[in-house]
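One structure is given here, and the rest of the page talks about it.
In the working numbering, the protein residues as written are 92 to 495.
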């Protein structure tokens, strides 16, 4: 339901959706937008041309500008709480105006909107701090998700990464790989559902974490997936999704993937990174590109679509040509179609990363931002898909903007 009105001489739009409550206020200085889940958590906001995104852990990223001028900054806790407080004050003023009949035309809010506004007003600074603390009791840090899974319910069937050697990744360095026992995982799944609460309406899918969760042998993996069905309506939420490196994945057959599909698995995300075996070796990625190709073809034969991730800029100038040529070859050999995704993720480095140290020692010249984008375009223009299967969705993936 969309309700248009005027408040304090400004046009206001209330969008009361089944999944969230959004308030948009137009003013001379620009439009402000505030979106909340039905637990009262601020989800996104746009204020003075700065967009904010709050994670379930209470952390918040601010973004402004566009294209090459795009900037981002993670806020300190007190800054994030201030953004939440200021947004809540705006909502409180609007609610008071609605109650006092100070809006035109006078409106009677539907019950869902009334409950939503009440939850927002009750989600004060103290509640926000408690919510963030509860997150840390329910979850180990969620390292990364594919962009189309940012609104998933993450369930950590495993912890860490099964090989954890990639020089460009630091997400799981602080923990060893562990498969959760079924009873422990079931308790975790229930705790997550209780924690998210009424905010479950905003969640669209279920993502089995952590990294490489599907590497778990099928006899142990199937009971974990069955446990998810005990707690959640998997089909209503949109099914289950997960990462699996294409280099260990050869241990599962097309029949195994068919069984996983029966259990509710809708897509597997594979970090190919590159089709160049020499570059994969430099990145300390286990296996060869051919392993990933074989794994993806088995997944698709088993009826599970894939999301393939390519790392732009990896190896710098030294590997640039072979990275493009061999990645094109690998992707074309996967027989991708309209049910699949291809993500181009730019290499993001920092001084403490092993990749940075090795690239310096090897005297690799990095690609510029423009060159990384051009590398993605060079790969994309040479991809070939069958007329009958259609074209996969191809897009960019910026790990710096990940918020869960």
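Cβ coordinates follow ideal geometry from the N, Cα and C atoms, glycine included.
If you count every other CB in all the chains shown that lies within 10 Å of the CB of residue 118, and 16 or more means buried, which is it?
exposed
For residue 169, count neighbouring Cβ atoms within 10 angstroms of its own Cβ and tell me buried if that reaches 16, exposed if not.
When all chains shown are included, residue 169 counts as exposed.
Should residue 212 go down as buried or exposed, given a rule of 16 or more other Cβ atoms within 10 Å for buried?
exposed
Please confirm if the segment 95-107 is in contact with the segment 191-207, defined as three or more CB-CB distances below 8 Å between the two stretches.
yes
Measure the alpha-carbon distance for residue 365 versus residue 474 and round it to whole angstroms.
14 Å
Just confirm the distance between the C-beta atoms of residue 249 and residue 270, as a whole number of angstroms; I'd bet it's less than 8 Å.
About 5 Å separates the beta carbon of residue 249 from that of residue 270, a gap short enough to meet the 8 Å contact definition.
Do residue 130 and residue 289 have their CB atoms nearer than 7 Å?
yes
Taking the beta carbon of residue 356 as the centre, do at least 16 other beta carbons fall within 10 Å, making it buried, or is it exposed?
buried
Does the segment 299-315 touch the segment 131-148, meaning 3 or more C-beta pairs lie closer than 8 Å?
no
Excluding the 5 residues flanking residue 326 on each side, which residues of the same chain have their C-beta closer than 8 Å to its C-beta?
355
Use the C-beta contact count for residue 367: other C-beta atoms within 10 angstroms, 16 or more gives buried, fewer gives exposed.
So residue 367 counts as buried.
Within its chain, find whatever has a CB closer than 7 Å to the CB of residue 256; leave out the 5 residues flanking it on each side and keep chain order.
Taking residue 256 as the centre and dropping the five residues before and after it, the same chain places the C-beta of 375 and 377 closer than 7 Å to its C-beta, in chain order.
In three-state terms, what does DSSP make of residue 135?
strand
On a Cα-Cα basis, can you pick out the residue from 455, 456, 335 and 339 that is closest to residue 397?
335
With DSSP as the reference, identify every bridge partner of residue 435, one or two as the case may be.
The partner list for residue 435 (beta bridge, DSSP) reads 401 and 487.
Starting from the C-beta of residue 172, find all residues in its chain whose C-beta is less than 7 Å away, skip the five residues before and the five after it, and write them out in chain order.
216 and 219
Thinking residue 178 and residue 136 are a contact (beta carbons under 8 Å), I'd like their distance in whole angstroms, please.
6 Å
Does the separation of the CB atoms of residue 363 and residue 401 fall below 7 Å?
yes
Roughly how far, in whole angstroms, is the beta-carbon of residue 425 from the beta-carbon of residue 384, given that I think they are within contact range, below 8 Å?
6 Å
By DSSP, does residue 342 sit in helix, in strand, or in coil?
helix
Report all residues from its chain with a CB closer than 6 Å to the CB of residue 300; omit the five preceding and five following residues, and keep chain order.
245 and 247
The alpha helix (DSSP H) with residue 419 in it runs from where to where?
407-424
According to DSSP, which residues form a beta bridge with residue 121?
118
Span of the alpha helix (DSSP H) holding residue 386?
380-392
Tell me the DSSP secondary structure of residue 464 in three-state form.
helix
Using the C-alpha atoms, what's the distance from residue 391 back to residue 349?
9 Å
How many Å lie between residue 465 and residue 223 at the Cα?
40 Å
Rounded to whole angstroms, what's the CA-CA distance from residue 108 to residue 128? Just pull it up for me.
10 Å
For residue 495, which option in 105, 133, 120 and 101 has the closest C-alpha, if you only look at C-alpha atoms?
Out of 105, 133, 120 and 101, the CA that lies nearest to the CA of residue 495 is found in 133.
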